[in-house]
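Engineer:
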Amino acid sequence: MKQNKLIKSLTQHPLAYLLLFIFTIIFAYPILWAFFSSLKTSAEIKQSPYSLPLVPQFVNYKNAWVGAHMGDYFVNSVLVTTLSMILLIAMVIPTSYVLSRFEFKGRKLLNIIMMAGLFINVNYIVYPIYLMINDVGKAAFGNGLLLTDNRVTVAIINAVTSVPFSIYLLSGFLKGLPKGYEEAAKIDGCGNWRILGSIIIPLARPSILTVILFQFLAYWNEYLVAQTFLITAAKRTLPVGLLSIMQEARTATDYGRMYAGLVIVMLPVLILYCFVQKNLTKGISMGGLKG
Amino acid sequence: MANFKNSPATKRFIRIGTIPTFLLYAIFVIYPIFNMLGLSFVKWNGLLGKKSFYGFKNYQILFQDPNFYLAFKNTIILIVMVTVITFVLAMLFASMLAKGKMAGQSFFRILFYIPNILSIVVISAIFYMLYSADYGLIAPILSLFGKTYSGVLGNPDKVVYSVGIAMIWQAVGYYMVMYIAAMDSIPDELYESAGLDGATKARQFFSITLPMTWQVVRVTLTFFIISTINMSFLFVTAMTDGAPDGASNVLLVYMAKQKAQGNFGYSMTIGTVLFIFAYALSLIIQRLTNKDPQD
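Here the protein sequences line up with chains A and B, keeping their order.
Note that this note's numbering has the first sequence beginning at 1, numbered continuously upward.
Note that this note's numbering has the second sequence beginning at 1001, numbered continuously upward.
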């Protein structure tokens, strides 16, 4: 049945399928190629880029995980990503609830200020932030590095700079909820926190999940802030570690290890994507279109 | 002035819900952006050096700096290249895959989106190797046709476009998904009656699909500008770091380099000019596209 549909579809749009298959190769092959290359010896990588590995070289993974410290960086990435996420959620849920469902003086202004933040990318301000934190560290502890070379600082910056986009996404959803539930709960004597916890959050779960997914990817993949702030090698996150393996590989030509490191960075994301791709693509249409 | 009758408990709730977030936002986003603006009027070399007021001198230097113009040119090349090609490909795929017309459409949608979830460092590493003359995928193919390939990332004429290709590879899926969602919401009847009138597929695209998705297209044009400026920084830093000899510098890379050389005030001037440029360009694009394409 399903096969018949495919064949019918194929014969109806042969050119479209040809084009889609060409681009399937263009999108999928480089990723598969990186996987295969991560299991090859350096000699194989150089001699025949298109061939499959003769004997899978799992030693590349050992070299990356232990030798290039990607295992330690993995732990750092988990720490920074988790802490960033907790901070973000703690800020964004109450704030977007208040901004979208309460009437109070100054609400409009706060909304405008927050939306202006959508234009401010962390790329512009990463260095001014560094200077500020360095100054504070020097004034308070006599040592700027104490605060700058610090994973908690990186998590705070990750979380705060992603607040505008997350509030934009969540508020859009919360504004559309019917008021009836809250009013009924208020008449029953529920406090605001209770209403938020037992009515709003359960209702908003799909969009909260979307925010979490988007920001998980952003935090896991982030490298600019981590690279600027974390000077001690042992504190690096995975993307920063990969960048340094890349630079070393150029001179030492240990490309097997580099490919293995690359797979270590992207594998968790690909596995997650298998489970959540629907939520993710729905989230884009939800967040993007309401602008 | 409006009088909002909130109970004391609700007032407290509003304060707790807003003050901490806005305080952190003010410290980590608003203050630094104004600090960038302020430092652009200062001559300041290095963390230990003294700041001295410089007026518009940094801006004067900037507008006479050939490296600034090169980085500016590269930024504009990438904005135009990435926007045009990504837009065309994303629209093309979306119009094939929207409305479930073709079997297997969700397979293609899921697959084409994958590059968007990968770290820019991962993509840069893959393309760096893929372009390599010794290890890459291009040299063996070209040698089949008897041509030699000497790499593109070391070639000042080709490096920017090569980075652009990696950026397009990364971006197409994202915009495709946005356009699919917009196209899915167009009523089927419009296409049916156009089909009865004998309108070709191409005609249907320009007279139905494009006008009906125009608001989404406008939003994405702003996304294209802002994200190309930001993404180009991450891609160039990871792939070439401006090599060869600054030929692949984009403005944010040039800004980071000036900072690394100790020209802090000057680097903030570059950031400020770019920020204003990005904002102005977005506004202009929004104005220009305010009309329906059919008018």
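Heads up, the beta-carbon is just placed ideally off N, CA and C, and yes, glycines get one too.
What you are looking at is a predicted structure, and each value in this text was computed from that prediction instead of being measured.
(1) Mind checking if residue 1029 of chain B is an interface residue toward chain A, Cβ cutoff 7 Å exclusive?
(2) Beta-carbon within less than 7 Å of residue 1184 of chain B's beta-carbon, same chain only, minus the 5 sequence neighbours each way: which residues are those?
(3) I believe residue 211 of chain A touches residue 177 of chain A by the beta-carbon criterion, under 8 Å. Please report the beta-carbon distance rounded to the nearest angstrom.
(4) Expressed to the nearest angstrom, what Euclidean distance is found between the alpha-carbon atoms of residue 1169 of chain B and residue 1255 of chain B?
(5) At what residues does the alpha helix (DSSP H) containing residue 316 of chain A begin and finish?
(6) For a contact defined as C-beta to C-beta under 7 Å, what are the partners of residue 1233 of chain B on chain A?
(7) Could you tell me whether any Cβ in chain A is nearer than 7 Å to the Cβ of residue 1194 of chain B?
(8) With a threshold of 6 Å on Cβ separation, who are the neighbours of residue 70 of chain A within its own chain once the five nearest residues in sequence on each side are excluded?
(9) Going along chain B, which residues have a C-beta under 9 Å from residue 166 of chain A?
(10) Report buried or exposed for residue 1120 of chain B, applying the criterion of at least 16 other Cβ atoms within 10 angstroms of its Cβ.
(11) In the DSSP assignment, the alpha helix (DSSP H) including residue 186 of chain A goes from what residue to what residue?
(12) Looking at the strands, I want to know which residues DSSP matches up with residue 282 of chain A.
(13) Comparing C-alpha positions only, which one of B:1249, B:1244, B:1268 and B:1226 sits nearest to residue 1296 of chain B?
(14) So for residue 14 of chain A, helix, strand or coil by DSSP?
(15) Assuming residue 1205 of chain B is part of the alpha helix (DSSP H), what are its boundary residues?
(16) By the criterion of Cβ-Cβ separation under 7 Å, what are the contact partners of residue 1275 of chain B in chain E?
(17) What's the gap between the Cα of residue 39 of chain A and the Cα of residue 58 of chain A?
(18) At least one CB of chain B closer than 7 Å to the CB of residue 292 of chain A: is that the case?
(19) Is the beta carbon of residue 1102 of chain B less than 7 Å from the beta carbon of residue 9 of chain A?
(20) Based on DSSP bridge pairs, tell me the residues matched to residue 1042 of chain B.
(21) Is the Cβ-Cβ distance between residue 1117 of chain B and residue 30 of chain A less than 7 Å?
(22) For the alpha helix (DSSP H) that residue 1233 of chain B lies in, which residues bound it at each end?
(23) Does the beta-carbon of residue 1106 of chain B have 16 or more other beta-carbons within 10 angstroms, so that it is buried, or is it exposed?
(24) Can you check which of these residues, B:1236, B:1249 and B:1179, is closest to residue 1067 of chain B by C-alpha distance?
(25) Within 10 angstroms of the Cβ of residue 60 of chain A, are there 16 or more other Cβ atoms? Answer buried if so, exposed if not.
(26) Can you round the beta-carbon distance between residue 224 of chain A and residue 134 of chain A to whole angstroms, since I take them to be within the 8 Å contact cut?
(27) Taking residue 1244 of chain B as part of the alpha helix (DSSP H), name the residues at either end of that continuous run.
(28) Rounding to the nearest angstrom, what Cα-Cα distance links residue 120 of chain A and residue 1275 of chain B in this structure?
Structural biologist: The structure says:
(1) yes
(2) 1098 and 1099
(3) With 8 Å as the limit, residue 211 of chain A and residue 177 of chain A do not qualify as a contact, their Cβ atoms being about 16 Å apart.
(4) 26 Å
(5) Because residue 316 of chain A is not part of the residues shown, which for chain A are 1 to 291, the question remains open.
(6) 123
(7) no
(8) 64, 241, 261 and 264
(9) None at all; the shortest Cβ gap to chain B is about 10 Å.
(10) buried
(11) 180-187
(12) Paired residues: none, contrary to the question.
(13) Because chain B in this structure spans residues 1001 to 1295, residue 1296 of chain B falls outside the shown range and cannot be described.
(14) helix
(15) Element bounds for residue 1205 of chain B: n/a, residue is neither H nor E.
(16) No chain E is part of this structure, whose protein chains are labelled A and B.
(17) 6 Å
(18) With chain A running from 1 to 291 in the structure shown, residue 292 of chain A is simply not present.
(19) yes
(20) B:1053
(21) no
(22) 1214-1239
(23) exposed
(24) B:1249
(25) buried
(26) Not quite, the Cβ-Cβ distance comes to about 17 Å (not below 8 Å), so this is no contact.
(27) No alpha helix (DSSP H) contains residue 1244 of chain B, which DSSP labels as neither H nor E.
(28) 8 Å
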